[in-house]
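In the working numbering, the protein residues as written are 151 to 465.
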């Protein structure tokens with residue numbers, strides 16, 4: 151990548167060498183500066199910033215741009231640009247021309263520069279890290295195709311992203327799972343800071359309905375633990391396994407000349423097998439009920455045996 155060595159950034163080198171070089175000064179009308187969809191961060195206190203710029207009479211720190219083809223894309227200075235727009239809309243036309251610094255870039259390099267600025271210059275939440283992890287993954291894959299990113303043999307892109315964001319590779323796995331599988335409701339609770347990363351990661355393993363129920367509970371103020379969700383996921387998995395087993399049994403039954411009595415016996419056997427898995431969750435009332443059922447079954451067996459014996463007894 152012309153302008154800086156990506157591996158210096160990934161190895162923890164300061165960003166100064168990556169951002170200060172071969173830039174040219176230019177003054178542009180604010181309307182000619184393009185803000186791309188890749189900036190996904192909130193911008194606060196724009197009014198206060200606009201007041202400060204107005205009092206100073208000019209923008210002291212120039213915007214940083216990437217020139218892609220004939221267009222100027224904003225790399226750094228999103229809040230300043232919004233403040234300038236506010237001033238111009240209020241009739242302060244003298245602020246319409248903005249001092250900028252730019253250099254030619256490819257689209258991949260532009261996105262890299264944007265990510266560098268956001269990653270190293272912001273205090274990120276878990277939601278921000280989720281967004282950043284997805285962005286870095288996409289950009290590094292493209293940079294790898296372009297030949298500007300050459301990872302060491304045996305290393306994974308995830309490892310580099312973990313190094314960039316300052317987290318463990320396993321955390322990157324959680325962030326990817328949330329980004330790819332979590333419902334909007336779960337992501338919203340993560341974004342608002344109501345749900346922990348581990349909780350959101352476990353929730354993203356569940357069906358959408360269960361995820362939304364958890365998000366609703368968290369929004370209502372409940373403290374839902376990741377361990378509780380793990381247990382719920384385990385139960386769901388077992389339920390699915392049971393259903394698959396039952397479906398398979400039904401298919402087998404339908405393919406044979408099984409009698410209704412054999413079908414009922416197979417169903418009873420399946421219930422008993424499931425009890426082996428869930429017996430630890432049984433209450434004392436459940437146990438008493440089962441004991442009574444067992445005694446009743448024994449009684450029936452004795453009655454049927456006596457009847458059979460009467461029928462088959464020697465004459």
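Here a beta-carbon is modelled for each residue, glycine too, at the ideal position from N, C-alpha and C. The structure displayed is predicted, hence computed values, not measured ones.
Hey, how far is the Cα of residue i from the Cα of residue j?
{"i": "residue 352", "j": "residue 313", "result": "23 Å"}
{"i": "residue 321", "j": "residue 327", "result": "10 Å"}
{"i": "residue 175", "j": "residue 297", "result": "29 Å"}
{"i": "residue 453", "j": "residue 417", "result": "23 Å"}
{"i": "residue 318", "j": "residue 181", "result": "42 Å"}
{"i": "residue 445", "j": "residue 438", "result": "11 Å"}
{"i": "residue 289", "j": "residue 261", "result": "7 Å"}
{"i": "residue 329", "j": "residue 279", "result": "10 Å"}
{"i": "residue 222", "j": "residue 179", "result": "11 Å"}
{"i": "residue 274", "j": "residue 441", "result": "57 Å"}
{"i": "residue 315", "j": "residue 324", "result": "13 Å"}
{"i": "residue 172", "j": "residue 305", "result": "32 Å"}
{"i": "residue 436", "j": "residue 365", "result": "32 Å"}
{"i": "residue 219", "j": "residue 256", "result": "8 Å"}
{"i": "residue 381", "j": "residue 421", "result": "21 Å"}
{"i": "residue 414", "j": "residue 432", "result": "24 Å"}
{"i": "residue 385", "j": "residue 335", "result": "22 Å"}
{"i": "residue 199", "j": "residue 205", "result": "10 Å"}
{"i": "residue 303", "j": "residue 412", "result": "59 Å"}
{"i": "residue 284", "j": "residue 425", "result": "43 Å"}
{"i": "residue 201", "j": "residue 243", "result": "15 Å"}
{"i": "residue 342", "j": "residue 362", "result": "15 Å"}
{"i": "residue 448", "j": "residue 359", "result": "43 Å"}
{"i": "residue 430", "j": "residue 450", "result": "28 Å"}
{"i": "residue 410", "j": "residue 443", "result": "23 Å"}
Give me, in chain order, the residues of the same chain whose beta-carbon lies closer than 6 Å to that of residue i; leave out the 5 immediate sequence neighbours on both sides.
{"i": "residue 368", "result": "339, 344, 345 and 374"}
{"i": "residue 226", "result": "214 and 267"}
{"i": "residue 106", "result": "The question about residue 106 has no answer here: the residues shown for the chain are numbered 151 through 465."}
{"i": "residue 308", "result": "319 and 322"}
{"i": "residue 212", "result": "249, 250 and 251"}
{"i": "residue 162", "result": "Bear in mind that the predicted position of residue 162 carries a pLDDT of just 46, short of 50, making it unreliable; the figure below should be weighed with that in mind. Within the same chain, residue 162 has no close Cβ partners at all."}
{"i": "residue 177", "result": "247 and 249"}
{"i": "residue 155", "result": "Legend: pLDDT at residue 155 = 49, less than 50; position of this residue unreliable, value from coordinates given subsequently. Here the set comprises nothing."}
{"i": "residue 186", "result": "223"}
{"i": "residue 376", "result": "348, 349 and 352"}
{"i": "residue 331", "result": "354"}
{"i": "residue 240", "result": "none"}
Look up residue i in the DSSP assignment and give the residues it is bridged to.
{"i": "residue 250", "result": "176 and 213"}
{"i": "residue 286", "result": "BP columns for residue 286 are empty, so no partner."}
{"i": "residue 222", "result": "183 and 217"}
For the putative contact between residue i and residue j, defined by C-beta atoms under 8 Å, what is the C-beta separation to the nearest angstrom?
{"i": "residue 347", "j": "residue 276", "result": "4 Å"}
{"i": "residue 292", "j": "residue 258", "result": "5 Å"}
{"i": "residue 189", "j": "residue 265", "result": "No, residue 189 and residue 265 are not in contact; Cβ-Cβ is about 10 Å, not under 8 Å."}
{"i": "residue 224", "j": "residue 184", "result": "7 Å"}
Going along the chain, which residues of its own chain have a beta-carbon closer than 8 Å to the beta-carbon of residue i, five neighbours each way excluded?
{"i": "residue 203", "result": "209, 230, 233, 234, 237 and 245"}
{"i": "residue 294", "result": "300, 301 and 307"}
{"i": "residue 434", "result": "none"}
I'd like the list of long-range same chain contacts for residue i, defined as Cβ closer than 7 Å, with 5 residues on each side in sequence excluded.
{"i": "residue 371", "result": "none"}
{"i": "residue 287", "result": "307 and 311"}
Is any non-hydrogen atom of the ligand GDP found closer than 6 Å to the C-beta of residue i, if you look at the structure I gave you?
{"i": "residue 302", "result": "By its list of ligands, the structure shown contains no ligand whatsoever, and the ligand GDP lies outside what it can speak to."}
So, does the CB of residue i fall closer than 7 Å to a CB anywhere in chain E?
{"i": "residue 379", "result": "Reference to chain E is not applicable here, since this structure consists of a single protein chain."}
Completely contained beta strand (DSSP E) runs for the region 289-360, where each covers 3 or more residues = none
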